[in-house]
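Shown next as structure tokens:
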């Protein structure tokens, strides 16, 4: 395994120093604003740089993890002794049907292998774009179908990884195709919406580890005022019912079949329970929040309390939507959840 300095020297053939952050505090890159550091954080600006970074790190014997916007990820306090590759806004261009170019200054009009002609009502976007930005672009174009995503903090790539959804809408309902990269070979292929094998908060990507590069969405013409009104309505609901003033990962647990996680936690008497800087929100028990200075360990321990009490009282197992990276509390520091354990990254 190469040293950090040796790996950075190899990566410098295609990444700048600003794209290679050593001992990077990952709390600055996840919505929980908690957790440990990555030995190396890489910020590619293109699929070519992403491919080269993956191959270089693997050849160097380094564990690698690919992340999106970090809205459903928590790096444990022990940190991650490998390279985290973040697909961010520099890989976040988009086009709406009728556009002749990508919506980014100086960007090429068409990605390799893609048609220059976008059908009406479609949006083609790269993995790093935020879902909220996509929803705003759809509104500008008078297209309906993405209103549900206007308040989701994740990126398109992360959203596809877990089939993000809210208020009755899910990405699976509007995806035409997804271009992915094999993390082992670097080869690209296009998957249909059916081939993505979407389910509740899941997709084939969670098994294959394939990395989203871009996707095409099919929307419908709509009235801009009605679309805007619906987005404002959903925003008002979020403000009233969700603890948006604190860092969190949104809904912490998946919805158990036949139940609501937040309702079970509240019925168990855990609403408002705190551990250090972490708290089960008094506003919505389905949220765990960082009220200030929370550690990843405190968040994880609070999760375990909720899981144990709910299972004891109701016999229901709560499964987190949040994904964890690094040595978990109580584990040997060498027992690291690698990219193999958590394939494809998180949103």
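In the numbering used here, the protein residues as written are -8 to 338.
We put the CB at the ideal spot given by N, CA and C, even for glycine.
Owing to the predicted nature of the structure, the values given are computational and were not obtained by experimental measurement.
Residue i: buried (16+ other C-beta within 10 angstroms of its C-beta) or exposed?
i, result
"residue 68", "buried"
"residue 295", "exposed"
"residue 183", "exposed"
"residue 52", "exposed"
"residue 154", "buried"
"residue 206", "buried"
"residue 146", "buried"
"residue 38", "buried"
"residue 4", "exposed"
"residue 233", "buried"
"residue 124", "buried"
"residue 40", "buried"
"residue 159", "exposed"
"residue 129", "buried"
"residue 252", "buried"
"residue 297", "buried"
"residue 249", "exposed"
"residue 59", "buried"
Could you please give the first and the last residue of the uninterrupted alpha helix (DSSP H) stretch that includes residue i?
i, result
"residue 205", "Note, residue 205: premise wrong, no alpha helix (DSSP H); beta strand (DSSP E) at 202 to 209."
"residue 151", "147 to 153"
"residue 39", "38 to 50"
"residue 15", "Run containing residue 15: none in the alpha helix (DSSP H); it sits in the beta strand (DSSP E), 11 to 16."
"residue 258", "252 to 258"
"residue 197", "196 to 199"
"residue 0", "-5 to 2"
Near residue i, what residues of its chain come up, given a Cβ to Cβ distance below 7 Å and the 5 sequence neighbours on each side ignored?
i, result
"residue 332", "Caution is warranted here: a pLDDT of 31 is assigned to residue 332, below 50, making its placement in the model unreliable, and the coordinate value is therefore given only provisionally. No residues qualify anywhere along the chain."
"residue 162", "150, 151, 154, 155 and 156"
"residue 23", "65, 238, 239, 240, 281 and 290"
"residue 188", "194 and 195"
"residue 26", "17, 18, 65, 66, 67, 68 and 287"
"residue 317", "27, 66, 67, 69, 70, 71, 327 and 328"
"residue 305", "255"
"residue 173", "201"
"residue 112", "88, 134, 209, 210, 211 and 212"
"residue 301", "255, 256, 259, 307 and 309"
Can you check DSSP and say which residues form a bridge with residue i?
i, result
"residue 169", "182 and 206"
"residue 244", "311"
"residue 56", "75"
"residue 135", "211"
"residue 114", "87 and 208"
"residue 161", "156"
"residue 239", "280"
"residue 66", "316"
"residue 193", "190"
"residue 121", "146"
"residue 265", "270"
Can you give me the Cβ contacts of residue i inside the same chain, cut-off strictly under 6 Å, excluding the 5 residues immediately before and after it?
i, result
"residue 48", "55 and 74"
"residue 95", "With a pLDDT of 45 at residue 95, under the threshold of 50, the predicted position of this residue should be treated as unreliable, though the coordinate-derived value follows. The answer, listed in chain order, is 84."
"residue 140", "122 and 126"
"residue 29", "15, 17, 71 and 75"
"residue 221", "138"
"residue 371", "Outside the shown range of the chain, which is -8 to 338, sits residue 371, and nothing can be said about it."
"residue 120", "83, 85 and 147"
"residue 136", "165, 210 and 211"
"residue 102", "Low confidence applies here, because residue 102 scores a pLDDT of 46, under 50, leaving its location unreliable and the question unanswered by this model."
"residue 215", "133"
Ordered along the chain, which non-local residues of its own chain (more than five positions away) have a Cβ less than 8 Å from that of residue i?
i, result
"residue 262", "256, 271, 272, 273 and 276"
"residue 157", "139, 140, 142, 143 and 225"
"residue 312", "63, 153, 192, 240, 241, 242, 243, 244 and 245"
"residue -8", "51, 52 and 53"
"residue 247", "255, 307, 308, 309 and 310"
"residue 284", "267 and 268"
"residue 235", "229"
"residue 185", "none"
"residue 217", "135"
"residue 278", "233, 234, 239, 241, 242, 243, 253, 271 and 272"
With a cut-off of 8 Å on the beta carbons, I'd call residue i and residue j a contact; round off their distance for me.
i, j, result
"residue 45", "residue 177", "7 Å"
"residue 268", "residue 289", "6 Å"
"residue 152", "residue 204", "Not confirmed; about 12 Å, so no contact."
"residue 170", "residue 181", "5 Å"
"residue 211", "residue 134", "7 Å"
"residue 118", "residue 78", "5 Å"
"residue 33", "residue 10", "6 Å"
"residue 202", "residue 57", "5 Å"
"residue -2", "residue 31", "7 Å"
"residue 36", "residue 81", "4 Å"
Along the chain, where does the beta strand (DSSP E) containing residue i start, and where does it finish?
i, result
"residue 305", "Premise fails: residue 305 lies in the alpha helix (DSSP H), 287 to 305, not in any beta strand (DSSP E)."
"residue 29", "28 to 33"
"residue 271", "269 to 271"
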